[in-house]
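Just so we're aligned: the sequence shown equals residues 141 to 315 in our numbering.
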Amino acid sequence: MSIVIDLRSVIDEGVGASLKVEGTTAGHAELEKFHLGSIEYCCTAPIIYEFDFLNAGECVQTTCKVHADVQTDCVRCLEAFDLAFDSDVEETYFFTPTDDEHGEPYPVIPDDLKVDVEPLLLEALLVEAPFAPVHDEDCQGLCMQCGADLNKGDCGCDDAPDASHPLAGLKDLIK
Ligand SMILES: [Zn+2]
Ligand SMILES: [Zn+2]
């Protein structure tokens, strides 16, 4: 399933016409989670979105705003935690194939004037989602020797890392 928006009204009304479309991703199973590299974000509520379209003649300028409530695992202590973020991105849809200044093609408005804005919504989520989410900036992470969660107190291990311990490499992996 995708999020398809019919641009016929904003195109028929001519240059300067605008269209606002608000909604949520309720019922969109494929948007219940998303990934940024190896980090998985699970939505704890439907994503709230708002699209604004402006007829600019040869193209339709678009802004996508999202609010997401998500859960992910802290990269230091591996505990699941909730976070929320707001984001917005812009896109331009052209009637005829057009490249941007980097040679990348802009999305083209199909003949039926219905655009799938799901890729834009996903982009809005990914620009704001942290690459290395931490549940707290002061998270102490896990003990390199015994794997204990150091936020819950001192585990009593020596500070000197024991390279022979099977968890010794964990801290490097989760940086
Ligand atoms: Zn943590
Ligand atoms: Zn320890």
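Idealized CB from N, CA, C, for every residue including glycine.
Bear in mind that the values here come from a model prediction, so they are computed numbers and not experimental data.
On the three-state DSSP scale, how would you describe residue i?
{"i": "S178", "result": "coil"}
{"i": "S158", "result": "strand"}
{"i": "V248", "result": "strand"}
{"i": "V267", "result": "helix"}
{"i": "A169", "result": "helix"}
{"i": "S227", "result": "strand"}
Contact check, residue i vs residue j under 8 Å by CB: the rounded distance?
{"i": "I179", "j": "P273", "result": "6 Å"}
{"i": "V200", "j": "V150", "result": "7 Å"}
Shorter than 8 Å, the distance from the beta carbon of residue i to the closest heavy atom of ligand 2, or not?
{"i": "A166", "result": "no"}
{"i": "G281", "result": "no"}
{"i": "C204", "result": "no"}
{"i": "G323", "result": "Look at the range of the chain in this structure, 141 to 315, and you will see that residue 323 is not part of it."}
Taking 9 Å as the cut-off, decide whether the C-beta atoms of residue i and residue j are in contact.
{"i": "Y181", "j": "C204", "result": "no"}
{"i": "T165", "j": "L266", "result": "no"}
{"i": "F191", "j": "I249", "result": "no"}
Taking only beta-carbon positions, decide if residue i is within less than 9 Å of chain D.
{"i": "D252", "result": "Included in the structure is just one protein chain, with no chain D present."}
Practice prompt. Give me every residue whose Cβ sits closer than 5 Å to any heavy atom of ligand 1, in chain order.
Written response: What you get when you keep residues with a C-beta closer than 5 Å to any heavy atom of ligand 1 is C214, R216, C217, H275 and C279.
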